[in-house]
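Numbering-wise, the first sequence is residues 2 to 574 according to my numbering. Below is one structure, written out as structure tokens; comments come after it.
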Amino acid sequence: MKNADVARFLEEIADMLEMKGETPFKVRAYRDAARRIEGLRENVATLVEENRLTEIRGIGPSIAAKISEFVKTGRSSYLEDLAREFPKGMAELLEIPGVGAKKARLFYEKLGISTVEQLEEAARSHRLMQLPGIQEKTEQNVLQGIQRLKQVKGRMLLGTALPAAEEIIRELRTHPAAEQVEVGGSIRRMKETIGDIDILAASDKPEEVINAFVSLSPVKSVLAKGSTKASVLTEANLQIDLRVVSPDQWGAALQYFTGSKDHNIQLRTIAENRGLRINEYGVFRTDTNERIAGSTEEEVYRTLGMEWIPPEIRESSGEIEAAMENRLPHLVEIGDIRGDMHAHTNWSDGSDTIEAMAEAARALGYEYLTISDHSISMTFIKGLTVERIREQRRIIDRLNEHFEGFRLLHGIEVNIRSDGTLDYPDEILAEFDVVTASIHGGLGQSREQITQRMLSAIHNPHVDILGHPSGRLINKREPSEFDAEAVFTAAAETGTVLEVNAQPDRLDLRDADVRTAIESGATIAIDSDAHSTAQLELIRYGVATARRGWAEAQHVLNALPLDKLMERLRIRH
DNA sequence: GCCGTTTTCGGCCCGACTGTTTTCAGTCG
């Protein structure tokens with residue numbers, strides 16, 4: 002049983018309770034619990050076994066009992082009772098933008114509607130208009146909401162959302178009335194997936210900025226438009242929300258709209274204890290209503306008695322306590338990255354030559370680039386034979402003769418086969434500067450088998466890096482199940498480096514695992530896994546993931562300068 | 001349903017936008 006399964010289970014209960022008309026606070030209790038479970042670094046099953054569920058904030062005896070039953074039996078008598086009141090699948094009505102619990106319940110009770118298809122049919126035949134409080138406009142909105150639901154199912158990758166947001170921001174910043182424009186919400190926190198794109202602007206003439214926003218070139222339709230906020234849908238079906246505040250409210254608003262929700266709630270509590278009130282307009286004294294901060298984020302945090310907290314770690318997972326005690330981590334930055342340890346060329350499934358990749362890496366200011374093509378068993382993508390390995394080596398050696406202050410390292414992404422053996426014998430592996438071992442197949446094996454495969458690679462003296470450890474593809478393939486504690490501890494003991502793969506659909510290790518790995522004493526490598534020159538720049542998503550895992554430069558292999566890196570990997574000069 | 005260095009009972013973030021209202025409910029973030 003995975004944490005995500007338990008989170009979904011709790012969400013389902015929350016949906017049912019909401020439709021039932023339960024008090025919103027009870028509903029929220031289940032949603033909060035779901036979010037906590039989802040962000041949990043430990044396996045929830047372990048917590049159930051050890052009776053430690055209630056140690057999690059937001060989980061009390063009642064929710065703990067329901068989780069326990071669900072984890073142990075795979076069922077829940079409570080949810081089954083609730084499900085008797087509403088037909089199965091009815092909760093999907095709540096996913097339609099503009100349809101909440103009240104309308105869903107209305108549709109069901111008056112018209113017997115319990116699926117999106119039935120609702121769509123009813124709206125088309127204008128049967129919704131028979132209902133109280135529903136006119137033609139609402140019916141239209143329901144239909145549009147269903148269309149949008151079909152188009153934007155699921156959360157989009159950060160790698161999709163961020164470039165789209167940056168394009169809008171670039172355009173908005175050219176508007177004379179826009180003093181500041183910044184991305185907010187989960188993009189600013191660099192979460193791996195994004196729901197909506199939130200953009201914040203500061204201006205004394207909000208209407209002008211709003212008008213400019215809704216007429217930008219990528220905008221397909223305007224979903225809502227007021228005097229201080231607007232929502233649009235782009236040609237690529239991304240929803241973008243803009244909020245405009247006055248320049249003196251900038252810091253408070255940016256802080257507020259960056260979140261996370263849990264982070265803000267914790268800040269609010271701290272403010273209250275200090276006789277302060279904090280909202281998107283500023284920080285105020287509760288007694289006199291005097292506004293004492295709000296123009297910059299730094300000011301907001303300082304007023305609450307803490308250092309400014311980097312957006313990536315604003316998740317209410319210890320960062321506020323750390324900020325109050327002046328012990329925030331010094332998070333790794335993109336400028337700390339001295340080179341890339343994982344890149345492919347047209348020798349296997351990459352699209353560019355070794356020379357082109359080297360030039361692109363030099364253009365980024367790197368001191369080194371590891372060429373790591375696929376190994377022999379990946380036949381369908383030209384995995385390297387021993388002959389081609391040696392030929393590649395000669396080319397790399399020759400290129401290195403011409404470089405000043407830059408070096409190509411000869412690496413390989415060697416496949417960890419289903420039985421845990423590697424694709425080449427030790428004497429071949431010994432020829433490489435860098436060996437990255439990755440699992441590409443057999444991801445559905447048991448936890449024990451996967452763990453064993455990882456451990457045997459980690460204990461191989463020639464393996465330097467464990468590549469994209471969990472093998473997940475976000476929204477496509479679940480991570481493999483493995484004993485993270487055993488793997489991270491072994492990595493720390495052997496000095497085997499764990500990869501943080503920066504491909505936007507991988508981000509593997511994921512943020513929470515980065516933090517656990519570092520706490521276990523392991524080192525990480527932030528790698529682009531580039532398959533073209535342009536993809537080298539995906540490294541920023543890896544840096545963001547590492548930052549979300551509280552990684553500092555000292556934890557990152559490729560933050561080392563070339564000479565230290567070669568020492569660490571025992572590469573001959 | 002959860003939580004507590006004011007509380008074991010009484011709170012729980014709250015403001016903007018839309019549509020259908022004639023003063024406000026529902027939804028969203």
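Backbone N, C-alpha and C define an ideal beta-carbon position, used for all residues, glycine too.
Residue range of the unbroken alpha helix (DSSP H) whose run includes residue i
{"i": "residue 255", "result": "251 to 259"}
{"i": "residue 554", "result": "It is not in any alpha helix (DSSP H) - residue 554 carries neither H nor E in the DSSP assignment."}
{"i": "residue 26", "result": "25 to 39"}
{"i": "residue 343", "result": "Careful: residue 343 lies outside any alpha helix (DSSP H), inside the beta strand (DSSP E) at 340 to 344."}
{"i": "residue 451", "result": "448 to 460"}
{"i": "residue 301", "result": "298 to 304"}
{"i": "residue 530", "result": "Careful: residue 530 lies outside any alpha helix (DSSP H) and carries neither H nor E."}
{"i": "residue 518", "result": "512 to 520"}
{"i": "residue 171", "result": "159 to 174"}
{"i": "residue 83", "result": "78 to 86"}
{"i": "residue 438", "result": "Run containing residue 438: none in the alpha helix (DSSP H); it sits in the beta strand (DSSP E), 435 to 439."}
{"i": "residue 362", "result": "355 to 364"}
{"i": "residue 292", "result": "Counting along the chain, residue 292 falls outside any alpha helix (DSSP H), though it belongs to the beta strand (DSSP E) covering 292 to 294."}
{"i": "residue 203", "result": "Careful: residue 203 lies outside any alpha helix (DSSP H), inside the beta strand (DSSP E) at 198 to 203."}
Contact set for residue i: own chain, Cβ-Cβ below 8 Å, skip 5 residues either direction
{"i": "residue 561", "result": "339, 569"}
{"i": "residue 123", "result": "108, 112, 114, 129"}
{"i": "residue 208", "result": "228"}
{"i": "residue 351", "result": "344, 345, 358, 374, 531, 532, 533"}
{"i": "residue 480", "result": "471, 472, 473, 509, 511"}
{"i": "residue 93", "result": "116, 117"}
Neighbourhood of residue i by C-beta, 7 Å cutoff - its chain only, sequence neighbours within 5 removed
{"i": "residue 442", "result": "419"}
{"i": "residue 421", "result": "453, 454, 457"}
{"i": "residue 283", "result": "250, 253, 292, 294, 295"}
{"i": "residue 553", "result": "330, 331, 332, 333"}
{"i": "residue 88", "result": "115"}
Limits of the unbroken beta strand (DSSP E) element including residue i
{"i": "residue 371", "result": "369 to 375"}
{"i": "residue 331", "result": "Counting along the chain, residue 331 falls outside any beta strand (DSSP E), and DSSP gives it neither H nor E."}
{"i": "residue 280", "result": "277 to 280"}
{"i": "residue 232", "result": "230 to 235"}
{"i": "residue 569", "result": "Per DSSP, residue 569 belongs to no beta strand (DSSP E); it is in the alpha helix (DSSP H), 563 to 569."}
{"i": "residue 416", "result": "408 to 416"}
{"i": "residue 244", "result": "240 to 246"}
{"i": "residue 501", "result": "498 to 502"}
{"i": "residue 285", "result": "283 to 286"}
{"i": "residue 387", "result": "Unbroken run through residue 387 is the alpha helix (DSSP H), 387 to 403; no beta strand (DSSP E)."}
{"i": "residue 181", "result": "181 to 184"}
{"i": "residue 545", "result": "That residue, residue 545, is in no beta strand (DSSP E); its alpha helix (DSSP H) goes 540 to 549."}
{"i": "residue 156", "result": "That residue, residue 156, is in no beta strand (DSSP E); it is neither H nor E in DSSP."}
{"i": "residue 72", "result": "Looking at the DSSP string, residue 72 is not in any beta strand (DSSP E); the run it does join, the alpha helix (DSSP H), is 62 to 74."}
{"i": "residue 226", "result": "220 to 226"}
Residue i classed as buried or exposed, judged by whether at least 16 other C-beta atoms fall within 10 angstroms
{"i": "residue 381", "result": "exposed"}
{"i": "residue 4", "result": "buried"}
{"i": "residue 546", "result": "buried"}
{"i": "residue 137", "result": "exposed"}
{"i": "residue 104", "result": "buried"}
{"i": "residue 306", "result": "exposed"}
{"i": "residue 504", "result": "buried"}
{"i": "residue 361", "result": "buried"}
{"i": "residue 393", "result": "buried"}
{"i": "residue 472", "result": "buried"}
{"i": "residue 327", "result": "exposed"}
{"i": "residue 488", "result": "buried"}
{"i": "residue 528", "result": "buried"}
Cβ neighbours of residue i in the same chain (closer than 6 Å, five flanking residues each side left out)
{"i": "residue 385", "result": "374"}
{"i": "residue 80", "result": "14"}
{"i": "residue 491", "result": "456, 459"}
{"i": "residue 572", "result": "434"}
{"i": "residue 98", "result": "146, 149"}
{"i": "residue 526", "result": "342, 466, 498, 500, 558, 559"}
{"i": "residue 181", "result": "203, 251"}
{"i": "residue 424", "result": "376, 377, 378, 415, 416"}
Nearest-angstrom beta carbon gap, residue j and residue i [assumed within contact, 8 Å]
{"i": "residue 32", "j": "residue 12", "result": "7 Å"}
{"i": "residue 297", "j": "residue 366", "result": "Going by Cβ atoms, the distance from residue 297 to residue 366 rounds to 30 Å, so no, they are not a contact pair."}
{"i": "residue 467", "j": "residue 497", "result": "6 Å"}
{"i": "residue 199", "j": "residue 247", "result": "Not confirmed; about 18 Å, so no contact."}
{"i": "residue 311", "j": "residue 259", "result": "That pair is no contact at about 10 Å."}
{"i": "residue 493", "j": "residue 523", "result": "4 Å"}
Pairing CB atoms from the region 529 to 536 with CB atoms from the region 316 to 327, are three or more of them under 8 Å?
no
- Message: Within 8 Å, do at least three Cβ pairs link the region 154 to 170 to the region 192 to 203?
- Response: yes
### Query
Per the contact definition of three or more C-beta pairs closer than 8 Å, is the region 20 to 28 in contact with the region 52 to 61?
They do not touch, by the three-pair rule.
Report task. Tell me, please, whether the region 119 to 139 touches the region 37 to 48 by the rule of three or more beta-carbon pairs shorter than 8 Å. Result -> no
Segment contact flag, the region 268 to 284 with the region 227 to 242, C-beta cutoff 8 Å, min 3 pairs: no
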